[in-house]
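Student: Mapping of the sequence shown onto this note's numbering: residues -5 to 460, in sequence order.
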Amino acid sequence: MMFEINGFGVMGGVEEYDRQRARHLDADDPFAVFRNQFRIPTAEDDPEAPCVYLCGNSLGLLSDSAQDRVHRHLEKWARRGVGGHFGGTDAWVDIENGTSQSQASMDLVGARFSHEVVYMNSLTVNLHLLMTAFYRPRGTRTKILIEDKAFPSDCHAVFTHLASRGFTDPAAHTIVVKPRPEEYVLRKEDIIEAIVANRDELALVMLPGVQYYTGQVLPMQDIAAVCNELRIPFGLDLAHAVGNVVLCLHEWGVDFGVWCSYKYLNGGPGGVAGAFMHDKHANKDVFELPRLGGWWGHDPETRFEMGPEFVPRKGILGFQLSNPPVLALAPLLASLDVFEAAGGVYALRQKSVQQTEFLIELLNKYLAGGDGAGHGDAARGSLFRIITPLDDEEARGCQISILLTQGRAKDIHALLARNGVVCDTREPDVLRVAPVPLYNSFSDVLTFVDMLAHACRVVYSKHAHH
């Protein structure tokens, strides 16, 4: 049945044909077994009713193995106290061997050497540490290129970092690349043109791998090639990229990258962050590559001799400050095992593309006035517009950003939540929806679209009468 809302057609309930399709896709899903390894949140009023959780782009879910791993280290702390640092299995002094220096960790970002990856601190702390090293203003080259409407913490980090370097007008030392009028995503040619045109003023290019608002995957390889040619350091905020899309940071020649572990890596709320630094910088000393040092970045062979001289470890490992946070790394250790068992991001990516295509098709069919076969205008639907790239599957990851053109996103989001559907909103009027291949099913996608159509009918019909 088709309902009319503000003159636009919205179907009243999904067809049995699509329910069967979702069930068949789930039955053929080689990753379905992993869903049972995660704790799917339940409705507040019914602990037996699992939610449709499509918010892994904000906070990934707890795995059984992560809970077990944390409990194991708590028990070790209880039994051994300080002895846990050096004794028994999983000695805390060596815990980074399972995270920073594991093959699974390297594969997630496309590192070639173990000294290119480390887990430490939080994302913004790591960003400041690496800007200290790579933002080296000289002569006319004083500016940092960032994207318009970057994640606020990145904006704050760049602004305050510039201020800390003595620039009294930080805004005058930033170059902002923007989408074109009436567009939401950044065009590759505009990014590259901005870099080339400002080559004599740029000291650093700092961009996201995946833009948090639109879900656009930026052309990282092409940007890196231009920056390398022009000898401009290139850094990436990979918060929405790691564990989501295939990365080849070493091959691309990216200078550095930073990311969190609590989204697609399921490392827990506020989990320890990661950092990458290319091998081409691995042997630079503290004068060639300035840094804020600490004892865990010191050569482990002499670390406990407690000498005053700082001898940095090779690569990004030499940027560590303090000993690793064991309880924060424990869920990450478990997560890396899960990714390895699943075949890594490359394998998961194939399901992710299927899920987002299914989501886009259903949105088009049930909310955009499509012809029943998914041939409506999903990009510019009457009730919504998908602002994530549609034409190129390589330009999007798990997240689909849905701009509700009639507004009321908060009301619709609240009604979805009451009906057991978890996604999130970003101003203005965008729903961010992220089917995560490790634990989301195709039936989750179908239920979301069904509930979204229902929420639109309820919310827009209610306000149409006022």
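Cβ coordinates follow ideal geometry from the N, Cα and C atoms, glycine included.
With a threshold of 6 Å, establish whether the CB of Pro306 neighbours any heavy atom of the ligand FMN.
Tutor: For the structure depicted, the ligand FMN is absent and the ligand set is empty, with no information on it obtainable.
Student: Find out if the Cβ-Cβ distance for the pair His109, Thr136 is shorter than 7 Å.
Tutor: Start at 1 with the first residue of the sequence shown, and residue 109 comes out as number 115. Start at 1 with the first residue of the sequence shown, and residue 136 comes out as number 142. Going by C-beta atoms, His109 is not nearer than 7 Å to Thr136.
Student: Per DSSP, which one or two residues make a beta bridge with Cys49?
Tutor: Residue mapping note: residue 49 aligns to position 55 of the sequence shown, counting from 1. Cys49 pairs with Ala428.
Student: When you compare the region 291 to 305 with the region 140 to 157, are there three or more beta-carbon pairs, one atom per stretch, that lie closer than 8 Å?
Tutor: The answer is no - the region 140 to 157 does not touch the region 291 to 305, with fewer than three Cβ pairs under 8 Å.
Student: With respect to the beta strand (DSSP E) encompassing Leu259, which residues constitute its N-terminal and C-terminal limits?
Tutor: Locating residue 259 in the sequence shown gives position 265, counting from the first residue. Here Leu259 belongs to no beta strand (DSSP E), and DSSP marks it neither H nor E.
Student: Here's the rule I'm using: 16 or more other beta-carbon atoms within 10 Å means buried, otherwise exposed. How should Gly375 be labelled?
Tutor: In the sequence shown, residue 375 corresponds to position 381, counting from 1. Any answer about Gly375 is weak, because its pLDDT of 45 lies below 50 and its placement is not dependable; what the coordinates show is given next. When all chains shown are included, Gly375 counts as buried.
Student: For Asn51 and chain D, any beta-carbon pair shorter than 7 Å?
Tutor: Judged by its chain identifiers, the structure shown contains no chain D, having just a single protein chain.
Student: May I ask you to list the residues that DSSP assigns as paired with Arg74?
Tutor: Within the sequence shown, the letter at position 80 stands for residue 74. Partner(s): none; Arg74 has no beta bridge.
Student: Any idea if Gly77 is buried or exposed, counting beta-carbon neighbours within 10 angstroms, 16 or more meaning buried?
Tutor: Taking the first residue of the sequence shown as position 1, residue 77 is located at position 83. Gly77 should be labelled exposed.
Student: If you draw a straight line from the C-alpha of Pro263 to the C-alpha of Val248, how long is it?
Tutor: By 1-based counting over the sequence shown, the position of residue 263 is 269. By 1-based counting over the sequence shown, the position of residue 248 is 254. Rounded to whole angstroms, Pro263 to Val248 spans 28 Å at the Cα level.
Student: What is the residue span of the beta strand (DSSP E) that Thr419 lies within?
Tutor: Along the sequence shown, one-based indexing puts residue 419 at 425. That run of the beta strand (DSSP E) goes Asp418 to Arg420.
Student: Can you list, in chain order, the residues of its chain with a C-beta nearer than 7 Å to that of Ile310? Leave out the 5 residues immediately preceding and following it.
Tutor: By one-based count along the sequence shown, residue 310 stands at place 316. His109, Glu110, Val111, Val112, Ala269, Phe270 and Met271, listed in sequence order.
Student: Using a 10 Å radius around the Cβ and a threshold of 16 neighbouring Cβ atoms, would you call Gly209 buried or exposed?
Tutor: Within the sequence shown, the letter at position 215 stands for residue 209. Classification for Gly209: buried.
Student: Should Ser316 go down as buried or exposed, given a rule of 16 or more other Cβ atoms within 10 Å for buried?
Tutor: Mapped onto the sequence shown, residue 316 falls at position 322. Exposed, because fewer than 16 other Cβ atoms sit within 10 Å of the Cβ of Ser316.
Student: Quick check on DSSP: helix, strand or coil for Glu303?
Tutor: Reading the sequence shown from its first residue, position 309 is the one you call residue 303. Coil.
Student: Please classify Ser437: does DSSP put it in a helix, a strand, or coil?
Tutor: Within the sequence shown, residue 437 is the residue found at index 443, counting from 1. Ser437: helix per DSSP, three-state reduction.
Student: Do you know offhand how far Ile396's Cα is from Tyr11's?
Tutor: Position 402 of the sequence shown, counting from 1, holds the residue named residue 396. Position 17 of the sequence shown, counting from 1, holds the residue named residue 11. Roughly 24 Å between the two C-alpha positions.
Student: From Ala449 to Ile406, what distance separates their C-alpha atoms?
Tutor: As a first step, residue 449 must be located in the sequence shown, where it is residue number 455. As a first step, residue 406 must be located in the sequence shown, where it is residue number 412. Roughly 6 Å between the two C-alpha positions.
Student: Pull the bridge partners of Ile169 from the DSSP assignment, please.
Tutor: Residue 169 sits at position 175 when you count from the first residue of the sequence shown. Beta-bridge pairing links Ile169 to Leu139.
Student: What residue range is occupied by the uninterrupted alpha helix (DSSP H) comprising Pro146?
Tutor: Taking the sequence shown and counting its residues from 1, one reaches residue 146 at position 152. Element bounds for Pro146: Pro146 to Ser158.
Student: So, do the region 139 to 146 and the region 193 to 202 have three or more beta carbon pairs nearer to each other than 8 Å?
Tutor: Verdict: yes, contact present.
Student: Give a yes or no on whether the C-beta atoms belonging to Ile186 and Val171 are separated by under 7 Å.
Tutor: As a position in the sequence shown, residue 186 is number 192, starting the count at 1. As a position in the sequence shown, residue 171 is number 177, starting the count at 1. No.
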